[in-house]
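>
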Amino acid sequence: METCRMIKEERDAKVFAYTCDCSNRQDVYRVADQVKKEVGNVTILINNAGVVTGREFLKTPDHMVERSFLVNVMSHFWTYKAFLPAMLEANHGHLVCISSFAGIIGINGLSDYCASKFAAYGFAESLHFELRLLQKSKINTTIVCPYFIKTGMFEGCSTKYPLLLPMLTQEYAAQSILNAILEEQLYLIMPRFSHVALFLKQIISTNMMMTMAEYLGMDISLTSFIEREKSGEVQTKTERKQQ
Numbered sequence: 001m002e003t004c005r006m007i008k009e010e011r012d013a014k015v016f017a018y019t020c021d022c023s024n025r026q027d028v029y030r031v032a033d034q035v036k037k038e039v040g041n042v043t044i045l046i047n048n049a050g051v052v053t054g055r056e057f058l059k060t061p062d063h064m065v066e067r068s069f070l071v072n073v074m075s076h077f078w079t080y081k082a083f084l085p086a087m088l089e090a091n092h093g094h095l096v097c098i099s100s101f102a103g104i105i106g107i108n109g110l111s112d113y114c115a116s117k118f119a120a121y122g123f124a125e126s127l128h129f130e131l132r133l134l135q136k137s138k139i140n141t142t143i144v145c146p147y148f149i150k151t152g153m154f155e156g157c158s159t160k161y162p163l164l165l166p167m168l169t170q171e172y173a174a175q176s177i178l179n180a181i182l183e184e185q186l187y188l189i190m191p192r193f194s195h196v197a198l199f200l201k202q203i204i205s206t207n208m209m210m211t212m213a214e215y216l217g218m219d220i221s222l223t224s225f226i227e228r229e230k231s232g233e234v235q236t237k238t239e240r241k242q243q
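Here the numbering used here is used: position 126 in the sequence shown is 126, and no number is missing along the way.
#1: Considering N140, what are the terminal residues of the beta strand (DSSP E) in which it resides?
#2: With a cut-off of 8 angstroms, do at least 3 Cβ pairs link the stretch 140-150 to the stretch 93-113?
#3: Tell me V96's beta-bridge partners as DSSP assigns them.
#4: K37: which of A86, I149, K59 sits nearest, CA to CA?
#5: What three-state label does DSSP hand L84 in the structure shown?
#6: Counting C-beta neighbours from all protein chains within 10 Å, is the total for R5 16 or more, i.e. buried, or is it exposed?
#7: Quick one: what does DSSP say Y18 is sitting in, helix, strand or coil?
#8: Would you give the residue range spanned by the beta strand (DSSP E) that Y187 belongs to?
#9: With DSSP collapsed to three states, give me the class of I204.
#10: By alpha-carbon positions, which one of T206, S176, N207, A119 ends up nearest to R192?
#11: Can you check DSSP and say which residues form a bridge with L168?
#12: Tell me which same chain residues have a C-beta within less than 6 angstroms of the C-beta of N41, skipping the five on either side of it?
#13: Is DSSP giving E2 helix, strand or coil here?
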C-alpha cells in the first residue's frame, strides 16, 4: 500500500493495489479475476513474494516447510495459470521469477528455502522453453537470482568478504531487475561474483567447493540470523512491509 501511495504522489498515475494470500490457490484465482475485471489483462507478472525460516532442517516444523513451498514456488503455478492464457492469446507479456542465489547453490541453514527456490528457478526455466516451442517468442522470461538483499528478510545475516559477496541494497537490486526486464534478459544473477562461484561449482572438486564456501563464510552466513516471526507464524515480505 505504501508503494501504491508513493507512485500516486510522484507520478500522478492510476495505481491499483490488492491484498492476496498467495499461498492459497483459490485466493490467487479470486484476486486474479478481480484484477482482470478492474484493470484488464496482465502483461507483466513479477512473482516476488517469499518467506524464509532460517532453521536447521530437523528443527523446521512441517507446517513451516509447507508454507515455504506454497509461497516460494506453488504460488508461481497459480499466478501463471491465472495470467498466462491472456499472454498466450496476444503473444505478448513478460514473466519475472524472483528466485535466489540460494536457488542455484545450496546454503547451510536454508534447506527448505533453497529447495523451494531451486523449484521456482526450474519451473520458470522450463516454462520459458515450453513457450519457445509454442512459438510464443513475444512472451519473455526473466529469472532473478540475487544474493541476500537488505530488506529485513535476512536480518542478522552477514558475509565474510562483503566486497565479493555483499548484502545487496534494495535500490541496487530493484534497478538491476528493472534493467534486466527492459533488456529482456533470461537470467540475472547478483552480485557479479556469484557467476564465478556458480562456474567454479561445475568444474572444481567437491572438497575444493566446500573449502571455498568456508573461506567465503557461506557455511556460517546464517549463524546470527534473526527470526522475526513468532513461533508457528510466517509472513511474506509484502505482509511485513504493511505492518
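Even for Gly, the Cβ is constructed at its ideal location relative to N, Cα and C.
With the structure as the only source:
#1: Residue mapping note: residue 140 aligns to position 140 of the sequence shown, counting from 1. Here the beta strand (DSSP E) through N140 covers 139-146.
#2: With a cut-off of 8 angstroms, the stretch 93-113 and the stretch 140-150 count as touching, because enough Cβ pairs lie within range.
#3: In the sequence shown, counting from the first residue as 1, residue 96 sits at position 96. Here V96 is bridged, per DSSP, to I46, T142.
#4: Mapped onto the sequence shown, residue 37 falls at position 37. Across the set A86, I149, K59, the C-alpha of A86 shows the shortest separation from the C-alpha of K37.
#5: Taking the sequence shown and counting its residues from 1, one reaches residue 84 at position 84. The answer is helix: DSSP assigns L84 an H, G or I state.
#6: Translated into positions along the sequence shown, residue 5 becomes position 5. Classification for R5: exposed.
#7: Translated into positions along the sequence shown, residue 18 becomes position 18. Note: Y18 maps to coil in three-state DSSP.
#8: For the purposes of this step, residue 187 is taken as the residue at position 187 of the sequence shown. Run containing Y187: 187-190, per the beta strand (DSSP E) assignment.
#9: For the purposes of this step, residue 204 is taken as residue 204 along the sequence shown, with counting starting at 1. Note: I204 maps to coil in three-state DSSP.
#10: Within the sequence shown, numbered from 1, the residue matching residue 192 stands at position 192. Closest by alpha carbon: S176.
#11: By 1-based counting over the sequence shown, the position of residue 168 is 168. DSSP links L168 through a beta bridge to I149.
#12: In the sequence shown, residue 41 corresponds to position 41, counting from 1. Answer for N41: A86, listed in chain order.
#13: The residue labelled residue 2 in the question sits at position 2 within the sequence shown. Residue state, collapsed to three classes: helix.
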